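These notes concern the structure reproduced below.
Pasting the structure below:
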């Protein structure tokens with residue numbers, strides 16, 4: 001791990017960027033289960049790893065962020081065959097706690113993605129902070145400015161304002177989409193999404209159709225099929241293991257859904273993919 005300390009001239013008890021780092025992890029390298037001090041934002045720039053928070057395990061790949069709250073028990077583990085590279089910053093302070101209350105990201109909802117320019121700004125600001133940390137002179141003002149820019153983008157993406165969310169279909173869609181992204185690897189159904197959102201099922205369907213042109217059930221299936229194809233192409237896991245990893249408790253239901261989605265059974269899809277790779281090589 002490359003660990004960076006930020007050269008602050010003074011300690012600011014209100015908002016303080018304390019440390020950061022880059023970690024091209026070794027295969028299966030694991031931290032935890034343990035708590036951390038301060039708030040932490042991690043970005044996965046390459047590879048694959050696993051993150052457990054609030055007793056829920058997430059499989060993370062390039063382009064994913066994950067968030068850690070102070071003293072919440074988490075586990076981080078690099079993949080055996082394609083270990084991840086992560087970059088992170090840690091911040092503390094009384095204002096940090098107040099600011100995070102405005103953002104709908106916490107230990108129960110810790111994952112977000114590079115889906116638009118807001119997330120790209122967050123990624124870029126993290127890289128800028130890590131680069132600046134190499135400078136010898138104190139950079140308190142720059143650290144605080146860039147950290148506030150990151151928090152501002154998070155608040156734009158995930159505002160924790162129930163009234164605004166109820167009045168904005170776009171924000172409701174973002175919240176539902178984030179829930180699906182965080183849970184599609186488990187056997188959730190659209191009823192679970194409806195219950196989480198406290199919305200009428202028909203209204204949720206209309207929101208998804210208006211924003212992306214498909215209903216929430218189809219969107220959930222697309223997330224699972226994207227994951228299934230990735231696992232079929234990159235691993236030799238048994239089909240039933242892949243089914244469970246994609247949120248299907250019944251491997252037969254998974255195979256039927258996969259064939260309906262791709263036109264091929266999982267085993268034939270894997271075989272065709274391997275033949276294509278061998279032909280190219």
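Numbering (UniProt numbering), first residue to last: 1 to 281. Think of the CB as a built atom: it goes at the ideal place given N, C-alpha and C, for glycine as much as any other residue. Predicted model, so just to flag it, every value in this text is computed and none were measured.
Cβ-Cβ distances below 8 Å link residue 265 to 255, 258 and 259 in the same chain, with the five nearest sequence neighbours on each side left out; the list follows chain order. Excluding sequence positions up to five before and after residue 71, its CB lies within less than 8 Å of the CB of 35, 36 and 37, all in the same chain and listed in chain order. Apart from sequence neighbours up to five positions away, the residues of its chain that approach residue 190 with a beta-carbon distance below 6 Å are 216 and 217, ordered along the chain. Taking each of 107, 81 and 181 in turn and checking the Cα distance to residue 236, the smallest one comes out for 81.
Per DSSP, reduced to three states, the secondary structure at residue 204 is helical. Of 78, 123, 64 and 192, the smallest CA-CA separation from residue 23 is found for 78. In the DSSP assignment, residue 44 forms a beta bridge with 86. For the set 66, 48, 52 and 60, the Cα lying nearest the Cα of residue 39 is the one of 66. A contact between stretches requires three or more CB pairs, one per stretch, nearer than 8 Å, and the stretch 49-67 fails this requirement with the stretch 90-98. The beta-carbon distance between residue 170 and residue 211, rounded to whole angstroms, is 7 Å. This is short enough to meet the 8 Å contact definition. One Cα belongs to residue 155, the other to residue 102, and the distance between them is close to 7 Å.
For residue 18, the enclosing beta strand (DSSP E) covers residues 16-24. Nearest to residue 125 by C-alpha distance, out of 149, 117, 110 and 196, is 149. Between the beta-carbon of residue 44 and that of residue 32 there is about 17 Å, and that puts the pair past the 8 Å contact cut. Rounded to whole angstroms, residue 109 and residue 69 show a C-alpha spacing of 11 Å. Only exposed fits residue 30, as fewer than 16 other CB atoms lie within 10 angstroms of its CB. Residue 174 counts as buried, since at least 16 other C-beta atoms from the protein chains shown sit within 10 angstroms of its C-beta. Restricting attention to 12, 204, 187 and 146, the CA atom closest to the CA of residue 253 is found in 187. A direct Cα-Cα distance of roughly 47 Å separates residue 140 from residue 214. Residue 117 sits exposed, since fewer than 16 C-beta atoms from the chains shown fall within 10 Å of its C-beta.
Distance from the CA atom of residue 243 to the CA atom of residue 267, rounded to whole angstroms, is 12 Å. Residue 250 has its alpha-carbon roughly 19 Å from the corresponding atom of residue 263.
Contact check for residue 123 against residue 184 fails: the beta carbons are separated by 8 Å or more. Cβ neighbours of residue 273 within its own chain (closer than 8 Å, five residues either side excluded): 232 and 233. Apart from sequence neighbours up to five positions away, the residues of its chain that approach residue 17 with a beta-carbon distance below 6 Å are 6, 91, 143 and 147, ordered along the chain. Residue 119 is a Cβ neighbour of residue 157, given a cutoff of 8 Å.
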